[in-house]
Structure formats: C-alpha cells, structure tokens
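Visitor: The sequence shown begins at 11 in the working numbering and counts up one residue at a time. Note that CB positions come from ideal geometry on N, CA and C, so glycine has one too. Can you keep this structure in mind? I'll have questions shortly.
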Amino acid sequence: MDASGEPQFTPEMNPPLREDTSVPPRKGPIRRFLDTPPDNTAKTVVIALGLCLVASMVVSAAAVSLRPLQQENAALDKQVNIVEVAGKYEEGMDVAAAFAAFEPHVVELDTGAFADGAEIEGQVLDPLTFDDRAAAEDLTLSAPLDDDPAGIGRQADYVTVYLLKNDDGSLDKVILPVYGYGLWSTLYGFIAVEEDGNTIYGLQFYEHAETPGLGAEVDNPRWKALWRGKKLRDDEGDLEINVGKAVTAAGPEYHVDALSGATLTSRGVDNLVRFWMGEAGFEPFLERVRAGEI
Ligand SMILES: Cc1cc2nc3c(=O)[nH]c(=O)nc-3n(C[C@H](O)[C@H](O)[C@H](O)COP(=O)(O)O)c2cc1C
Numbered sequence: 011m012d013a014s015g016e017p018q019f020t021p022e023m024n025p026p027l028r029e030d031t032s033v034p035p036r037k038g039p040i041r042r043f044l045d046t047p048p049d050n051t052a053k054t055v056v057i058a059l060g061l062c063l064v065a066s067m068v069v070s071a072a073a074v075s076l077r078p079l080q081q082e083n084a085a086l087d088k089q090v091n092i093v094e095v096a097g098k099y100e101e102g103m104d105v106a107a108a109f110a111a112f113e114p115h116v117v118e119l120d121t122g123a124f125a126d127g128a129e130i131e132g133q134v135l136d137p138l139t140f141d142d143r144a145a146a147e148d149l150t151l152s153a154p155l156d157d158d159p160a161g162i163g164r165q166a167d168y169v170t171v172y173l174l175k176n177d178d179g180s181l182d183k184v185i186l187p188v189y190g191y192g193l194w195s196t197l198y199g200f201i202a203v204e205e206d207g208n209t210i211y212g213l214q215f216y217e218h219a220e221t222p223g224l225g226a227e228v229d230n231p232r233w234k235a236l237w238r239g240k241k242l243r244d245d246e247g248d249l250e251i252n253v254g255k256a257v258t259a260a261g262p263e264y265h266v267d268a269l270s271g272a273t274l275t276s277r278g279v280d281n282l283v284r285f286w287m288g289e290a291g292f293e294p295f296l297e298r299v300r301a302g303e304i
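Listed below in structure tokens is the structure:
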C-alpha cells in the first residue's frame with residue numbers, strides 16, 4: 011500500500027501479458043505453404059506448375075490479341091510481293107496505293123475463265139476476299155491430286171490472279187500465285203507473266219522455311235533476276251521452262267540455273283513452276299491470255 015492506501019503493484023505482482031506458447035497460432039493454407047522449406051518437393055512442383063500456368067496464359071493472351079495485327083501484316087506482305095514481282099515496288103512507297111492498280115479475279119483453273127461472283131456450294135467467290143489457302147483445304151472447293159509433282163496434296167478449283175493493266179486498258183502482266191514443296195517447306199510465291207502469256211517477268215516467294223544461305227537463296231535478287239525474259243513454252247506449245255544444273259535441249263531461254271548447294275530446293279522450284287504453268291495449273295488461263303481474251 012502507498013500513502014493513500016491504494017495497493018502498490020510491483021512488476022512482479024503484475025507481470026506483462028505473455029503469449030501463450032503452448033498452442034501454436036492457427037495458420038491459413040497459403041501461410042503454411044509459404045512457410046514450407048524451399049527444398050520441399052511439393053512446393054517446388056506447385057510453384058513450377060503455377061509459373062507454367064501464368065506463362066501460358068500470357069502467351070495465349072498475346073497470341074490472340076496480336077492475331078489481327080499478324081493477319082494485317084501478312085496481307086500487306088503479300089501485297090508488297092505482288093507489287094514487287096511486277097517490278098512496281100520502290101522502297102518507302104505507299105504499297106496499298108500501288109496495289110490498288112492490280113485487278114484481282116477468281117479464276118476457274120479447269121477452264122481458265124473468270125469466276126468472280128460465282129456461287130459454289132453457298133459460297134460467293136468474291137475476288138477481294140477469296141482465300142486461296144483456305145480454298146485448297148476446303149473439300150467443296152478443292153480435289154486431291156493423283157499426279158502431284160509440287161507436293162501440295164490437294165488443289166483448289168479456283169484461284170485468285172491479279173491483272174496489271176497499261177494506262178490504255180490493255181494487259182501489261184498477269185500475276186499468278188504458285189506454291190509447292192522444296193526441301194524443308196512449302197514455298198509460296200507469285201510468278202509474273204507478260205501480256206504474251208509466255209514470257210516470265212519475275213518469280214518471287216513470300217513464304218518458305220528453306221535453309222538460309224542454301225535453299226533460302228531463292229530470295230537472292232541475283233537468282234530472281236535470272237527468271238526475267240525466260241519463256242514458258244516453245245513454238246510447238248511444249249512446256250519447256252526448267253530449273254536445273256544444265257541447260258536442256260530446249261535452250262537457254264527456257265532454263266534457269268539451279269542454286270548451287272541447294273539442288274533439292276531448286277528441284278522443288280522446278281516442279282512447282284512446271285506444275286502451275288502446266289495443264290493442271292494456269293495453262294487454260296494463259297491460253298486465254300495468249301488469245302487476247304483477257
Ligand atoms: C543443315 C543442312 C541444311 C540444308 N538445307 C538445304 C536447303 O534448304 N535446300 C537444299 O536444296 N539443300 C539443302 N541442304 C543440302 C542438301 O542436303 C544437298 O546436299 C544439296 O541440295 C545438294 O546440292 P548440290 O547438288 O548443289 O551440292 C542442306 C544441308 C544441310 C546439312
């Protein structure tokens with residue numbers, strides 16, 4: 011007691027409250043998981059799975075959100091190639107404006123006639139939107155090939171071609187899509203043929219996966235330049251264009267030298283060009299070009 015009669019407490023009489031250590035505090039599952047040692051196998055597996063899940067969600071979200079941009083770029087790249095194979099491309103130019111000069115048409119390969127606006131199995135063949143690649147896989151618009159030197163499996167019945175006209179409305183060039191298997195990949199490109207329907211102006215691929223420095227030399231401007239002025243058919247109408255190591259009996263105007271160190275890709279290009287320029291490809295259409303009907 012102090013002087014006023016109040017009880018005098020000392021620390022001994024009133025010890026500070028201490029945690030009761032006899033019962034451990036309750037922990038949530040996350041806390042318990044985080045408190046497990048870092049070398050715990052289950053913890054390692056759960057963290058690895060979690061990281062995989064998050065990473066795959068990020069990649070999927072990026073792939074989905076970037077798809078429209080990729081499609082836009084692919085379409086622009088195709089336009090660049092069409093303009094370029096026709097010899098109209100300049101660095102920095104407005105490609106869309108240059109591409110507007112090319113007239114797209116859907117052609118029926120069997121007859122070589124335009125099929126713009128035709129309705130096949132409920133699908134209207136609009137040259138502005140016709141998707142050649144989708145058509146080649148569409149069972150109603152394509153057929154399997156028995157004779158398949160280009161290694162494409164199925165061929166579409168309809169294909170988009172592009173016409174480039176002179177200022178007076180006469181035909182300057184036709185740009186024809188071609189594709190076929192090389193060594194490692196399918197090469198997709200365009201061949202530009204002059205208004206005579208027989209002289210090549212250019213050949214160019216916009217997509218392939220051949221080896222850089224070997225098969226990918228198909229993109230080398232010096233090799234591409236070899237195609238200019240080459241003839242498809244001789245005076246008898248026989249298809250003589252070829253890619254190979256040696257000039258054939260038809261003569262040098264029908265021959266393009268194979269790429270050195272890339273004979274297999276060159277053979278693929280030979281096969282695909284001869285296929286698409288042949289009867290099963292654009293010959294019916296080129297016949298119409300030669301007849302002045304286009
Ligand atoms: C890793 C590797 C990649 C190759 N890529 C190609 C190719 O893309 N295109 C091709 O024709 N040959 C390619 N080749 C070479 C072919 O195997 C083959 O040797 C060549 O086509 C023969 O050409 P040549 O007769 O002109 O020597 C490649 C070889 C190796 C080892």
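Could you tell me the boundaries of the beta strand (DSSP E) in which R6 lies?
Guide: There is no way to answer for residue 6, as the model of the chain reaches only from 11 to 304.
Visitor: Going by C-alpha to C-alpha distance, which of L242, E131 and L86 sits closest to F109?
Guide: Taking only the C-alpha atoms, the option nearest F109 is L86.
Visitor: Taking only runs of the alpha helix (DSSP H) that begin and end inside the region 128-167, which ones reach a length of at least 4 residues, in chain order?
Guide: Runs found: 142-147.
Visitor: Considering just the uninterrupted stretch of the alpha helix (DSSP H) at P187, what are its terminal residues?
Guide: That residue, P187, is in no alpha helix (DSSP H); its beta strand (DSSP E) goes L181 to Y191.
Visitor: Given a cut-off of 7 Å on the beta-carbon distance, is the pair G190 and R298 in contact?
Guide: No.
Visitor: Which stretch, first to last residue, makes up the alpha helix (DSSP H) that contains L269?
Guide: Neither: L269 is in no alpha helix (DSSP H) and is coded neither H nor E.
Visitor: Which word fits I40, buried or exposed, when buried means at least 16 other C-beta atoms lie within 10 angstroms of its C-beta?
Guide: Answer is exposed; the Cβ neighbour count stays below 16.
Visitor: Check L197 in the structure and name its three-state DSSP category.
Guide: Correct three-state label for L197: strand.
Visitor: Check the DSSP bridge columns for G212 and list the partner residues they point to.
Guide: BP columns for G212 point to A202.
Visitor: Should T258 be listed as close to ligand 1, given that the test is whether its C-beta is under 6 Å from any heavy atom?
Guide: Answer for T258: no, Cβ out of range of ligand 1.
Visitor: Report the option in E113, P114 and V93 whose CA atom is closest to the CA atom of D104.
Guide: Taking only the C-alpha atoms, the option nearest D104 is V93.
Visitor: Going by DSSP, what residue range makes up the beta strand (DSSP E) through E293?
Guide: Per DSSP, E293 belongs to no beta strand (DSSP E); it is in the alpha helix (DSSP H), E293 to R300.
Visitor: Determine whether the beta carbon atoms of P114 and T170 lie at a separation below 7 Å.
Guide: In this structure, T170 lies closer than 7 Å to P114 by Cβ.
Visitor: Whether or not the region 191-206 and the region 280-297 are in contact is what I'm after, with contact meaning three or more pairs of Cβ atoms, one per stretch, closer than 8 Å; do they touch?
Guide: Touching, per the Cβ criterion.
Visitor: In terms of residues, what are the limits of the alpha helix (DSSP H) holding F43?
Guide: Segment P39 to D45, the alpha helix (DSSP H) holding F43.
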